[in-house]
Ligand code: B12
Ligand code: B12
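Residue numbers (my numbering), protein chains in the order written: chain R, 1 to 148; chain X, 1 to 148; chain C, 1 to 470; chain V, 1 to 470.
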């Protein structure tokens, strides 16, 4: 990971959670990232977490796994995350965005539940996505040992 | 008061509180009571409490004093009631109706403040007025001694 | 009594005021006087929104203005408490010390012009003093010193609905002095917007009654040198009639006023008995914004979904501003209406106004003519608070909800006008007969009744935050 | 697999069902089936309002329906959770046991038909199941047994927006069975209302795309004997286009369907990115009611001021019903609009639909033709969730906000249609060039952008009860 790589080599895995068919943000985020020079492996809507893990196995140089969840089912749809991580899979920052609980109030407890599953970053909006990816990328290329 | 009297002999004093210019309900209530056979001494809007007392002095057979307060100033406008009562005046049921506090929530405390001044009856609406007057009239003609 | 350039005010008020030059300089320094807001709105053909607002405490008033400003009004109000309106400054002052929240408005005379300037400077939009004082002279002096560039009232419209026994001769002369001082100010380049309260008793006011009073006050004001007049008309509830009445403001101004006087039509959103369901109240507020724009108003004074309950809290008031603004916005630009119906209404409104005001204006002495006309019922308003109008006029709504004269008392209407009003009010065959007063009561509760007939069965659910009446 | 009069359902679902005769008898005994509500609304020329609503728990669902009923809807919904939609009944059932509030809808298959009947009997108005299941057969069987007389969906509209990789051949056949069972029921006197989800992906769907899909599904449904079709079109945001699209439903039905099939136009209130200010959201909801009436819809499916935030609470949902109902009410009967502009829009919508569907309908095998057309992009939808549509179509708003084709991909449009779309989208001189995707993104956020340009500076005050996003 310490080889200096150009932007064009950057790759991410993108998709929408298993029970979720909301496609519009997925289309737009894919296009936005491609415009920023990323290679986007877009798994589309209704993607089980295991499929994200499979995709990462096929594309091990992916910087992050980006998951949208718009229908309120994030927690249920990501329940397999601890299990997959325990099995040594999905070992890349998992970035989650969308409407992260049923109902019109997302509480801190709702977000904590998701972090407890192992979600690394939660973004309310896709606007900050490239910035976050750049930060993660810079951090990953730091020589110092990483924590957590 | 124990002589049997016909409807046409019934008389009330009506008016709107001192700082208050709301006239519509006053017009309508006067007409409504007249239709029910009452003689209405209508003092109109912006009537100081002392004027109600004066009117009662002039019309001692009035059954009740009916005061509207629509602008939220009921408490201030009726502050002289204890004083007048102490002086032996306004010795008739005082019936108050309208919007009885500033703001859009009238609380029990607001109403209690008015009762503490000596207001005898509070009606949210003029609809129940004739009924109340009939009840008061019947009670006044009861042979048993009255309390309070 | 003291004399402020022709404005006779109490010695006590006068003693507290700053120098007149200071007042004029301060007024001239205000970055955005009301008249400019009105001109811009007029040019853009989109009315600005103004809420009513006034609370007793000064800190509370500052907070209220700031909170409301964020809702985007074009002008903000300083609504005055009833004691101050009736010149009972001592009561206002005692209550302010004891329980400021018990005041139903801001007692500006008591707070004084220095605090008034704090209000003026707290927000970027201009302020208007709204009150209802048959004699608003002391209050006007303080308002000017506070830098307030818009002042509501007139010798008829702020007398008959607002007091019991102030002779018209008195109120007309008091307001003459206010207008004359505006003339003086205009001569030194400070244009004060003078709004005329055509709303009157607010409940079932026939448009021609509202506009006739406004025309008479406008003529009187213009004679004293007033250069900017806002003519307010209250939303009656029938859209074509409301649009027509607002349009009539401009044609009547052209007929009766010097073209040098700027005249801005203003819509007061429905001032009668308000529906209680928030969504329905909201529609009426939105519709007010729309009708204001369609009628060519420069300003619309908004209402709130708490109108039926009491003085609104800040959040409801701000929401009312936003809702009215949406009504004026391009989101409703697709709306057309029956132009010919509006034109017909406008024709008759103008004719009725002419029949009411022409005889009065023909008299050499305007004030005396107004007073006699009211005494004789040739001018009249329904549900007058004052004994100086006869209130023999009985208004009613026709089948479409438009407000007509069911009984025009001694108003000098032509046979054509009387015939039209009668024809429009003719009950349908087989309708059960009602007394005039029952009919008028039903018409007063027009929107409440409509509300109860709509499928809005649960006006206030457990989670609703609009309070029921006790 | 089990067979319910031609409807192939899972053995597990089938085992739990009551006798078919019992189901038919129960359906026939429902006092007010959906079709009658629609007929009455159509006759009265006032659309009824229907909210979406579904929560996981049964008791909560009963409470929700009862609370919403008091707001006066014509029909109520049972909105199904996403797991059930995607046939993951086990997940729905596990979640129902563990945390019912985590379900974004009511898992009817899991709760079972007996509880379904409790829902049906809890309210006086009929229920519709709204879901989004590419294969809604099991759910339909349970819904019928529950006495539900209206069922949404279709082989295209409930596939492409709602799943990733279900072949059209599969979904079309699944829905063919649903329609065929409706035909069987109709023969025994039970008319089920079948609503077609023209809303599709909801965001920037050009009217002719919505209506073309609905026409194809309607033709398929009618062939199977369906007698009552509700054709839903999603409010796009430009009033003339929306009115025209609703009107086109009737003319298209006349052209493509047997007149024995009853067709009711339905407006789905704006299904895209919703404004966040409650007043603005409220106006969009009100306007939806108005446009539904003006466009001749029999029903309008309402939204709420919490749309931008998440599934609404009951109070907000009830308020949405009331607001939409006010939009349909006689308070707005004065509203006219530019008829000729609507007529022009309607002409072109119908022409575009014809150019899309005529080649497909010309084929002998409708399902194969639909599948090939989508594969080849001769039929297409924007932002497809499914890999079985190409999504090469790029929609954009024109200057008035109407939705046009900026890129129509391989749609078989005539030169005239292409020219008109291009002309309407031509950027004004000097506009800064943007990529198609930036432009489309801006158009998706149309109402948000409009909102930010309105003087609604404080969308959520301290006292507001609509929550900010985290
Ligand atoms: C269009 C839409 C639909 C369409 C979707 C069509 C399609 N296939 O795409 C249809 C009509 C089919 C639909 C269906 C449903 N929907 Co929907 N839908 C919407 C709507 C109106 C707009 C969504 C949209 O496209 N927005 C445009 C995009 C660009 O914005 P966005 O999705 O919000 O994405 C932004 C952020 O969330 C974030 N983001 C999104 N993804 C990601 C990913 C990453 C990695 C990051 C960092 C950020 C990020 O960035 C984006 C840009 O800023 C919203 C309400 C709204 N927002 O106004 C409801 C909404 C999302 N839907 C909702 C629901 C519940 C459903 C249903 C389950 C039905 C139901 N029970 O009501 C079904 C879903 C079925 C399923 N299996 O998932 C709810 C979710 C509520 C919740 N929190 O629980 C919403 C909020 C509506 C509501 N108020 O109830 N829906
Ligand atoms: C019309 C009106 C006016 C007109 C009045 C014209 C006139 N002279 O009559 C004008 C525009 C002049 C006006 C002025 C003001 N008004 Co005003 N007005 C109204 C309005 C819109 C309707 C009142 C009305 O006529 N209703 C029709 C009659 C038939 O109904 P009613 O008055 O409610 O009376 C019923 C009951 O209250 C009761 N009732 C009334 N009197 C009595 C008497 C008795 C004995 C009994 C038993 C029952 C009873 O029975 C009646 C029939 O059911 C109400 C809001 C509303 N209700 O929608 C505000 C309202 C009453 N006004 C209000 C206020 C505050 C004022 C002002 C002080 C200005 C201000 N600060 O905002 C000034 C008053 C100046 C003064 N000195 O009093 C507030 C009062 C709020 C409060 N509780 O504090 C209200 C509620 C508006 C609001 N939401 O802020 N107003």
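For every residue, glycine included, the Cβ atom is placed at its ideal position computed from N, Cα and C. Note that the coordinates shown come from a computational prediction; the quantities given were computed from them, not determined experimentally.
Using a C-beta cut-off of 8 Å, the segment 113 to 123 of chain R makes contact with the segment 83 to 103 of chain R, since at least three inter-stretch Cβ pairs fall below that distance. Across the set C:132, C:143, C:103, C:124, the C-alpha of C:143 shows the shortest separation from the C-alpha of residue 115 of chain C. Taking each of V:41, V:312, V:54, V:292 in turn and checking the Cα distance to residue 81 of chain V, the smallest one comes out for V:54. For the segment 8 to 39 of chain V, the set of positions with a beta-carbon nearer than 7 Å to some beta-carbon of chain C is empty.
Closest by C-alpha distance to residue 203 of chain V, out of R:10, R:15, R:24, is R:24.
Taking a Cβ-Cβ threshold of 9 Å, the residues of chain V close to residue 240 of chain C are 334, in chain order.
Membership of residue 41 of chain R in the beta strand (DSSP E) is indicated by the continuous run 39 to 42. In the three-state DSSP reduction, residue 224 of chain C falls in the coil class, being neither helix nor strand. Taken atom to atom, the span from the alpha-carbon of residue 110 of chain C to that of residue 93 of chain C is near 6 Å. In the DSSP assignment, residue 151 of chain V falls within the beta strand (DSSP E) that extends over 150 to 152. Segment contact: the segment 253 to 270 of chain C against the segment 362 to 375 of chain C, fewer than three CB-CB distances shorter than 8 Å; contact not assigned.
Under the DSSP assignment, residue 339 of chain V falls outside any beta strand (DSSP E), being part of the alpha helix (DSSP H) whose first and last residues are 339 to 362.
Residue state for residue 106 of chain C is assigned as coil, using DSSP reduced to three classes. Listed along the chain, the chain C residues whose CB falls inside 8 Å of the CB of residue 340 of chain V amount to none; the nearest CB is some 11 Å away. Between residue 77 of chain C and residue 51 of chain C, the C-beta spacing is below 8 Å. Taking the CA atoms as reference points, residue 402 of chain V sits about 52 Å from residue 187 of chain C. Scanning its chain for C-beta atoms nearer than 7 Å, with the 5 sequence neighbours on each side dropped, one finds around residue 64 of chain C the residues 53, 55, 314, in chain order. Taking a Cβ-Cβ threshold of 9 Å, none of the residues of chain C is close to residue 446 of chain V; the smallest such distance is about 11 Å.
Every alpha helix (DSSP H) of 4 residues or more that sits fully in the segment 312 to 337 of chain V is shown, in chain order, as 314 to 328. Contact annotation: in the segment 182 to 199 of chain V, no residue has its CB less than 9 Å from a CB in chain C. Under the DSSP assignment, residue 388 of chain V falls outside any alpha helix (DSSP H); it carries neither an H nor an E label.
Between residue 37 of chain C and residue 178 of chain C, the beta carbon gap of about 21 Å keeps them out of contact (Cβ cut-off 8 Å).
Straight through space, the alpha carbons of residue 129 of chain V and residue 198 of chain C are spaced by roughly 54 Å. Taking the Cβ of residue 48 of chain R as the reference point, every heavy atom of ligand 1 lies at 7 Å or farther away. For the pair residue 302 of chain C and residue 240 of chain V, the Cα-to-Cα distance works out to about 29 Å. Apart from the 5 residues on each side of it in sequence, residue 361 of chain C sits with its Cβ closer than 7 Å to the Cβ of 219 in its chain, given in chain order. Under a 10 Å Cβ-count criterion, residue 61 of chain C is classified as buried, with 16 or more other Cβ atoms of the shown protein chains found around its own Cβ.
Interface flag for residue 94 of chain X against chain C is unset, since no Cβ pair is found closer than 8 Å. Between residue 96 of chain V and residue 107 of chain V, the CB-CB gap stays under 8 Å. In this structure, C:300 is the residue among C:340, C:354, C:300 with its C-alpha nearest to the C-alpha of residue 325 of chain C. By the Cβ test, the segment 4 to 19 of chain C is not in contact with the segment 107 to 116 of chain X, since fewer than three Cβ pairs between them sit closer than 8 Å.
Taking 8 Å as the cut-off, the Cβ atoms of residue 252 of chain C and residue 211 of chain C count as close. Note: residue 29 of chain X is not bridge-paired with any residue in the DSSP secondary-structure output. With a threshold of 16 other beta carbon atoms within 10 Å, residue 104 of chain X meets it and is buried. Relative to the non-hydrogen atoms of ligand 1, the Cβ of residue 151 of chain V never comes closer than 7 Å to any of them.
For chain V, the residues of the segment 5 to 36 of chain R that bring a beta carbon within less than 7 Å of one of its beta carbons are 19, 20, 21, 23, 24, 27, 28, 31, in chain order.
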